[in-house]
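Residue numbers (the working numbering): -5 to 346.
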């Protein structure tokens, strides 16, 4: 059956007026092919005049984030992440020899120890914030960070979603010209998604997914500091996120109100604070595979962010992150969905 909830975005239309939402984030803002390309560009700039040493990174994160640090020459040192609210479990004693800290707010919610971050600044540790999940939250950009790097592609339909910000000064590196094969695949996938919406044909959704993952896996094999394309830049430079933010917040709260939690659906964030714009509705399921299968039968596609990355070889040292990898799952609740969709989703999640 076709999916009622859970699908790719069609291509975002260009807004009517220029926007400074991204350009005002720092002294130098550049757009890249993807979030990992943006992060890698920040790391290249960071290590231009400094030898990369140890990066203090979350044990719960995406493989592509860790791959960027490894490719840039860093040794990884992990910190655990709390199960209850995905708060970083920083340890001051871990900072010996660290030259860069990766900071992340999960699914739109920023929960970190500001005093620890100030200690990092005192030690001249570069703070790089992964803003992919917190891109549109009021507190989603830590003011003490040196760099912001993230992707807009989880928020709307765009071919090149990478945004890199250097808060002070200008980037010392120039982006590599965009990979044309990847761009062709991205636009083709979004075109298939547009046809799927127009014709209500699930075969177009399947084609969109197939092309998307083909281009995605190709990028993972050969990512670099690839620039974004002009069409994507125009979309980002004319983006007014007001509706996106308001609708996602409304949908998240509607879903919370419609849900009765259980061992198969335990929300990670059961309260929506005024600063947060959620990227997804994320929860723990005791039996995740069963929950995903049940949702699929009801027309709801779920996603696991993220599979266990191979860089975390000693996962038993990070018991909380290990639990998260085994039980976390997410569903969409973005600006495309109605109140009725969210009430339906809440009913189905309650029945898992």
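A virtual CB, placed ideally from N, CA and C, is assigned to each residue, including glycine.
Burial state of residue i (16 or more Cβ within 10 Å)
i	result
residue 191	exposed
residue 93	buried
residue 120	buried
residue 313	exposed
residue 82	buried
residue 118	exposed
residue 236	exposed
residue 342	buried
residue 44	exposed
residue 51	buried
residue 6	buried
residue -5	Note that residue -5 has pLDDT 47, beneath the 50 cutoff, so the model's placement of it is unreliable and the number below is only indicative. Classification for residue -5: exposed.
residue 223	buried
residue 160	buried
residue 53	buried
residue 281	exposed
residue 148	buried
residue 216	exposed
residue 307	exposed
Under the three-state DSSP convention, the category residue i falls into
i	result
residue 56	coil
residue 164	coil
residue 260	strand
residue 49	strand
residue 297	strand
residue 324	strand
residue 347	Because the chain is modelled from -5 through 346, residue 347 falls outside the range shown and cannot be assessed.
For residue i, the first and last residue of its enclosing alpha helix (DSSP H)
i	result
residue 160	Run containing residue 160: none in the alpha helix (DSSP H); it sits in the beta strand (DSSP E), 156 to 160.
residue 240	236 to 252
residue 176	174 to 193
residue 229	224 to 230
residue 30	29 to 40
residue 288	282 to 291
residue 344	333 to 344
Range of the contiguous beta strand (DSSP E) that encloses residue i
i	result
residue 401	Summary: the structure shown does not reach residue 401, with the chain confined to residues -5 through 346, and so no result is reported for it.
residue 316	Segment 313 to 321 is the alpha helix (DSSP H) holding residue 316; no beta strand (DSSP E) there.
residue 25	22 to 26
Cutoff 6 Å; reference residue i; Cβ partners in own chain excluding five residues on either side
i	result
residue 123	97, 136, 139, 142
residue 187	2, 4, 202
residue 106	82
residue 95	50, 114, 119, 121
residue 182	205
residue 296	286, 289, 323, 325
residue 48	69, 71, 91, 92
Close beta carbons around residue i, own chain, < 8 Å, minus the five adjacent residues each side
i	result
residue 104	128, 131, 133, 134, 136, 269, 270
residue 227	25, 154
residue 179	205, 206, 208, 209, 212
residue 349	Limits of the chain in this structure are -5 at one end and 346 at the other, which puts residue 349 out of reach.
Cut-off 7 Å between Cβ atoms - residues of its own chain near residue i, not counting five sequence neighbours on either side
i	result
residue 67	41, 46
residue 173	27, 220
residue 13	231, 232, 233, 234
residue 302	309, 319
residue 426	Any question about residue 426 goes unanswered here, given that the chain covers just -5 to 346.
Chain B contact for residue i (CB, 8 Å cutoff)
i	result
residue 338	Among the protein chains of the structure shown there is no chain B, as only one such chain exists.
Item checked: 3-residue-minimum beta strand (DSSP E) runs that sit fully inside the segment 65 to 152, ordered along the chain -> 69 to 75, 92 to 98, 120 to 124, 141 to 145
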